[in-house]
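Chemist:
Protein chains: 2
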Amino acid sequence: MQDVQETAAWGDVEPEAAQRLLTAGVEAFAERGYHATTTRDIAGRAGMSPAALYIHFRTKEDLLFRISRVGHERARGIIAAAAESEGAAGERLARAVRAFARWHAEHHTTARVVQYELAALGEEHYAEIVALRRDIDRLLRGIIEDGVRDGEFAVADVPGTALAVLSLCVDVARWFSAAGSRSPDELGELYAGLVGRMVAAPGGRDAGSSSQK
Amino acid sequence: MQDVQETAAWGDVEPEAAQRLLTAGVEAFAERGYHATTTRDIAGRAGMSPAALYIHFRTKEDLLFRISRVGHERARGIIAAAAESEGAAGERLARAVRAFARWHAEHHTTARVVQYELAALGEEHYAEIVALRRDIDRLLRGIIEDGVRDGEFAVADVPGTALAVLSLCVDVARWFSAAGSRSPDELGELYAGLVGRMVAAPGGRDAGSSSQK
DNA sequence: GTCTATACATGGATAGAC
DNA sequence: GTCTATCCATGTATAGAC
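Heads up: the sequence lines are chains A and B, in that order. For what it's worth, this note's numbering labels the leading residue of the first sequence as 7, then goes sequentially. For what it's worth, this note's numbering labels the leading residue of the second sequence as 7, then goes sequentially.
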């Protein structure tokens with residue numbers, strides 16, 4: 007069922023064989039890391055010979071790039087949806103954190119590749135990905151700035167706090183295991199509460215409301 | 007000066023050549039990852055031939071393990087010192103977070119290897135490292151439990167919150183750059199404040215005090 | 001303890017048949 | 001579009017001289 011979700015994420019743009027290679031690549035890269043993964047392994051998981059990989063992707067690095075780009079676009083979409091949604095900054099921030107943390111938990115396999123294999127990208131591919139990452143940072147910082155302007159949040163260091171919030175969610179991909187005791191939904195809820203307390207103005211209307219559920 | 011600190015961390019137990027290989031290994035593994043690093047590269051950075059590495063370490067994996075063990079022992083020492091220090095839970099937690107985040111920033115090169123190359127360890131070496139990591143988790147959770155018992159903290163999910171706090175600090179190693187605008191000290195201060203707000207009881211004596219510096 | 005030289009395995013990528 | 005076979009570079013680790 008994890009497989010189904012991961013597969014669905016690649017859409018219907020590519021031929022089916024390319025999709026199989028993408029999911030195989032995600033699994034292999036997440037398990038062993040990009041450099042330790044062989045093209046033979048990827049092709050094998052997709053039920054193909056090593057040579058078949060090169061019909062659909064120019065190089066092994068190109069396969070990584072496609073995975074990374076789709077993943078980053080998805081991540082940006084999640085934050086953008088929350089940022090552009092209705093409601094006060096506190097509600098929008100909670101939505102963003104809930105969904106972003108949840109995504110990193112539910113798709114920790116993809117997220118691991120997306121977040122930890124950037125260094126393996128070629129120079130041009132890397133630049134394209136960095137642009138997407140800047141978007142994500144800017145969108146989240148915007149929500150926090152809104153909350154500070156409205157007096158809803160009290161945050162001394164907005165860029166630092168935005169960085170910490172993203173960092174907290176991203177690191178979920180490192181440690182989350184489907185076998186663990188927490189579901190992605192529960193984790194999203196926990197994290198939204200923790201972040202809410204991090205930014206809430208002391209006298210605010212619901213300061214501390216999330217502390218004891 | 008980063009080099010001096012990294013070197014100093016390896017103590018004076020080993021012959022000097024082994025120390026050079028350890029620092030070279032840290033730098034290389036942090037830059038390119040364990041699997042993408044060649045023994046030629048490590049030996050070259052240490053000013054030696056590839057063969058010299060095998061005089062001091064049984065395999066490349068053994069070199070990684072030594073780095074990982076020293077790093078984890080250092081990390082545990084930092085958390086243990088804070089946990090066993092004097093003062094209320096809030097003070098001890100702030101000390102732990104300040105020092106732990108600061109260490110991951112200042113020694114982000116070492117920390118990157120310590121935190122992100124675990125999967126490259128052999129089975130027995132991995133088990134030894136996992137034991138150290140469990141210690142770290144237990145020590146931090148203990149501080150939070152103390153604060154909850156004393157009514158100083160209000161935390162609904164103690165294990166989840168402890169995990170989030172460690173996760174936040176660990177991820178510093180991923181993004182921190184010495185070229186960035188924040189110093190390790192400033193980062194430790196910021197993070198201690200953020201975590202303080204995450205756990206503080208709403209009516210507590212200094213609830214929100216850290217919000218505006 | 002360090003070197004040069006090298007054995008031996010593995011892996012990315014391609015050629016050419018089907 | 002996929003396969004089998006293979007080229008060629010690279011990488012870990014060792015042998016043996018100094």
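For each residue, glycine too, the CB sits at the ideal point set by N, CA and C. Given the structure is predicted, the values throughout are model-derived calculations rather than measurements.
Mind listing the chain B neighbours of Met223(A)? Cutoff is C-beta to C-beta under 8 Å, in chain order.
Modeler: Given that chain A is displayed from residue 7 to residue 219, the structure contains no residue 223(A) and the question cannot be resolved.
Chemist: Nearest to Val76(A) by CA position, among Ala58(A), Ala87(A) and Val32(A), is which residue?
Modeler: Val32(A)
Chemist: Strictly below 7 Å CB to CB, what residues from chain B border His41(A)?
Modeler: Gly39, His41 and Ala42
Chemist: Using a Cβ-Cβ distance cut-off of 7 Å, determine whether Gly166(B) contacts chain A.
Modeler: yes
Chemist: Name the DSSP beta bridge partners of Phe159(B), please?
Modeler: Ala206(B)
Chemist: Counting only beta-carbon separations shorter than 7 Å, does Ser74(A) have a partner in chain B?
Modeler: no
Chemist: Mind checking which residues open and close the alpha helix (DSSP H) that includes Thr29(B)?
Modeler: Glu22 to Arg38
Chemist: Between which residues of its own chain and Gly157(A) is the CB-CB distance below 7 Å, once the five residues before and five after are set aside?
Modeler: Ala207
Chemist: Within its chain, find whatever has a CB closer than 7 Å to the CB of Arg51(A); leave out the 5 residues flanking it on each side and keep chain order.
Modeler: Ala30, Glu33 and Ala34
Chemist: Can you check which of these residues, Pro56(B), His78(B) and Gly209(B), is closest to Leu138(B) by C-alpha distance?
Modeler: His78(B)
Chemist: Could you give the distance in angstroms between the alpha-carbon of Val201(B) and the alpha-carbon of Ala100(B)?
Modeler: In this structure, the CA atom of Val201(B) is about 8 Å from the CA atom of Ala100(B).
Chemist: Alpha carbon to alpha carbon, how far is Val171(B) from Leu127(B)? Give it in angstroms, no decimals.
Modeler: 25 Å
Chemist: Determine, using beta-carbon pairs with one atom in the stretch 168-187 of chain A and one in the stretch 170-186 of chain B, whether at least three such pairs fall under 8 Å.
Modeler: yes
Chemist: Please list the terminal residues of the continuous alpha helix (DSSP H) segment that includes Arg80(B).
Modeler: Start and end: Lys66 to Ala89.
Chemist: Less than 7 Å between the beta carbons of Leu145(A) and Ala198(A), yes or no?
Modeler: no
Chemist: Could you tell me which of Glu123(B), Arg80(B), Asp143(B) and Val119(B) sits nearest to Trp16(B), measuring between CA atoms?
Modeler: Arg80(B)
Chemist: Any C-beta of chain A within less than 8 Å: which residues of the stretch 167-189 of chain B qualify?
Modeler: Correct list: Thr167, Leu169, Ala170, Ser173, Leu174, Val176, Asp177, Val178, Arg180, Trp181 and Arg188.
Chemist: So, helix, strand or coil for Glu123(B), using DSSP?
Modeler: Three-state DSSP puts Glu123(B) in coil, outside helix and strand.
Chemist: Answer yes or no: do Ile142(B) and Arg82(B) have a C-beta to C-beta separation smaller than 7 Å?
Modeler: yes
Chemist: Look at Ala111(A) and Pro190(A) and say whether their C-beta atoms are less than 7 Å apart.
Modeler: yes
Chemist: Please confirm if Asp141(B) has its CB atom under 7 Å from at least one CB of chain A.
Modeler: The beta carbon of Asp141(B) sits no closer than 7 Å to any beta carbon of chain A.
Chemist: Taking 7 Å as the CB-CB limit, is Leu196(B) close to chain A?
Modeler: Answer yes: the Cβ-Cβ gap between Leu196(B) and chain A drops below 7 Å somewhere.
Chemist: Use the C-beta contact count for Gly39(A): other C-beta atoms within 10 angstroms, 16 or more gives buried, fewer gives exposed.
Modeler: buried
Chemist: Report yes or no: is there a C-beta of chain A within less than 7 Å of the C-beta of Asp163(B)?
Modeler: yes
Chemist: For the putative contact between Ile73(A) and Leu124(A), defined by C-beta atoms under 8 Å, what is the C-beta separation to the nearest angstrom?
Modeler: With a Cβ gap of about 11 Å, Ile73(A) and Leu124(A) do not count as contacting.
Chemist: In angstroms, rounded to a whole number, what distance separates the CA positions of Ser55(B) and Ala49(B)?
Modeler: Rounded to the nearest whole angstrom, the C-alpha separation of Ser55(B) and Ala49(B) is 6 Å.
Chemist: Between the C-alpha atoms of Glu22(B) and His62(B), what's the straight-line distance to the nearest angstrom?
Modeler: 10 Å
Chemist: Within 10 angstroms of the Cβ of Glu195(B), are there 16 or more other Cβ atoms? Answer buried if so, exposed if not.
Modeler: With 16 or more other Cβ atoms inside 10 Å of its own Cβ, Glu195(B) counts as buried.
Chemist: Name, please, each residue of chain A whose Cβ falls closer than 9 Å to the Cβ of Ala58(B).
Modeler: The premise fails here: Ala58(B) is roughly 24 Å from chain A at the closest Cβ pair, so nothing lies under 9 Å.
Chemist: Using only the alpha-carbon positions, how far apart do Met204(A) and Glu90(A) sit?
Modeler: CA-CA distance, Met204(A) to Glu90(A), rounds to 22 Å.
Chemist: Between Gly186(B), Phe182(B), His41(B) and Leu193(B), which has its C-alpha nearest Arg118(B)'s C-alpha?
Modeler: Phe182(B)
Chemist: Counting only Cβ pairs nearer than 8 Å, list the residues of chain B close to Tyr132(A).
Modeler: What Tyr132(A) touches in chain B: nothing, since even the nearest Cβ is about 14 Å away.
Chemist: Under a Cβ-count criterion, where at least 16 other Cβ atoms within 10 Å of its own Cβ denotes burial, should Thr65(A) be classed as buried or exposed?
Modeler: exposed
Chemist: By the criterion of Cβ-Cβ separation under 7 Å, what are the contact partners of Ala137(B) in chain A?
Modeler: Under the 7 Å cutoff, chain A gives no residues; its nearest Cβ is about 17 Å from Ala137(B).
Chemist: Give the secondary structure of Ser183(A) by DSSP, where H, G and I count as helix, E and B as strand, and everything else as coil.
Modeler: coil
Chemist: Short of 7 Å in beta carbon distance, which residues of its chain neighbour Ala36(A), apart from the five on each side in sequence? Order them along the chain.
Modeler: Thr115, Arg118 and Val119
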